[in-house]
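Asker:
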Amino acid sequence: MKIEHSVIIQRPMEEVFAFVTDLRNETRWQPEIKSVTLDGAVATGATFREERVSFGRRFVWRFRITRCEAPRCIEIETLSGTAPYAGARRFEAVPGGTRVTESGELQLPWPLRPLDPLWSRLAARPVRDAYARLKSLLEAREDR
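Using our numbering, you'd call the opening residue of the sequence shown number 2 and step up by one each time.
Now the structure itself:
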């Protein structure tokens, strides 16, 4: 199942990168995420645990940051969880702000793979809604 979404946020790239990569903020803009625990600083090689509720089910994942290049990108992969996932968030300065693009791929368990197109459509809405919340949250900040 592939995920891809972009949004333009009217804030400087460094600020958007800092907010998004501070994993404690995940619960502020992604309501499916219930908790994130980072082992150390956000950097290449660091690991974190994420608990989320999606489609009415609780999932616990363990991730490794495979690349962290401030303020341009962060890439992750699963160490454990329901299904293997690898993804990236890329940050690009554009006129008036920052384009954030999330892309990733979740390997569905074999029995669900024929339903991949359906799951991709179902997952698109929560991702789109989360990035709309992120945009609203950051653009409403008063410390401009």
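No residue lacks a Cβ here, since even glycine has one placed at the ideal position from N, Cα and C.
Being a predicted model, the structure only gives us computed values, none of them experimental.
#1: If I follow the unbroken alpha helix (DSSP H) through Ala-19, where does it start and stop?
#2: The beta strand (DSSP E) spanning Pro-73 covers which residue range?
#3: For Thr-48, does the three-state DSSP call read helix, strand or coil?
#4: Taking 8 Å as the cut-off, decide whether the C-beta atoms of Val-1 and Thr-99 are in contact.
#5: If we ignore side chains and look at the alpha-carbon of each, how far apart do Arg-59 and Arg-53 end up?
#6: When DSSP labels each residue in this structure, what does Glu-140 get in the three-state scheme?
#7: Do you know whose CA, among Arg-12, Lys-3, Ser-7, lies nearest Ala-141's CA?
#8: With a CB to CB cut of under 8 Å and the five nearest residues on each side skipped, what residues in its chain are close to Glu-106?
#9: Using three-state DSSP, classify Ala-89 as helix, strand or coil.
#10: By DSSP's criteria, Leu-39 is part of a beta bridge. Which residues make up the other side?
#11: Using a 10 Å radius around the Cβ and a threshold of 16 neighbouring Cβ atoms, would you call Leu-80 buried or exposed?
#12: Relative to the alpha-carbon of Thr-48, which residue among Trp-62, Ala-94, Ala-133 has its alpha-carbon at the smallest distance?
#13: Pick out whichever of Ala-84, Cys-74, Glu-78 has its Cα sitting closest to the Cα of Ala-94.
#14: Taking the CB atoms as reference points, tell me whether Trp-30 and Ala-131 lie closer together than 8 Å.
#15: Just the Cα atoms here: how many angstroms apart are Glu-33 and Asn-26?
Answerer: According to the structure data:
#1: One-based indexing of the sequence shown puts residue 19 at position 18. Where Ala-19 is concerned, the enclosing alpha helix (DSSP H) stretches over 14-22.
#2: Counting from 1 along the sequence shown, the entry for residue 73 is found at position 72. Per the sequence presented here, residue 73 reads as Arg, with Pro not at that position. Premise fails: Arg-73 is in no beta strand (DSSP E) and is neither H nor E.
#3: Indexing the sequence shown from 1 puts residue 48 at position 47. Correct three-state label for Thr-48: strand.
#4: In the structure as shown, the chain begins at 2 and stops at 145. Residue 1 is therefore absent and cannot be evaluated.
#5: The residue labelled residue 59 in the question sits at position 58 within the sequence shown. The residue labelled residue 53 in the question sits at position 52 within the sequence shown. Approximately 6 Å between the Cα atoms of the pair.
#6: Here residue 140 refers to the residue found at position 139 when the sequence shown is read from its first residue. Glu-140 falls in the helix class under three-state DSSP.
#7: Your numbering for residue 141 matches position 140 in the sequence shown. Answer by Cα proximity: Arg-12.
#8: On the sequence shown, position 105 is the one that residue 106 refers to. For Glu-106, where only same-chain residues beyond five positions count, the Cβ hits under 8 Å are Met-2, Lys-3, Ile-4, Tyr-86, Ala-87, Gly-88.
#9: For the purposes of this step, residue 89 is taken as residue 88 along the sequence shown, with counting starting at 1. Note: Ala-89 maps to strand in three-state DSSP.
#10: For this step, residue 39 is matched to residue 38 along the sequence shown. Paired residue(s): Phe-49.
#11: Position 79 of the sequence shown, counted from the first residue, corresponds to residue 80. Leu-80 comes out exposed.
#12: Working through the sequence shown from its first residue, we reach residue 48 at position 47. Nearest of Trp-62, Ala-94, Ala-133 to Thr-48, Cα basis: Trp-62.
#13: Numbered from its first residue, the sequence shown carries residue 94 at position 93. Nearest of Ala-84, Cys-74, Glu-78 to Ala-94, Cα basis: Cys-74.
#14: As a first step, residue 30 is located in the sequence shown; it is residue number 29 there, counting from the start. As a first step, residue 131 is located in the sequence shown; it is residue number 130 there, counting from the start. Going by C-beta atoms, Trp-30 is nearer than 8 Å to Ala-131.
#15: As a first step, residue 33 must be located in the sequence shown, where it is residue number 32. As a first step, residue 26 must be located in the sequence shown, where it is residue number 25. Cα to Cα, Glu-33 sits roughly 13 Å from Asn-26.
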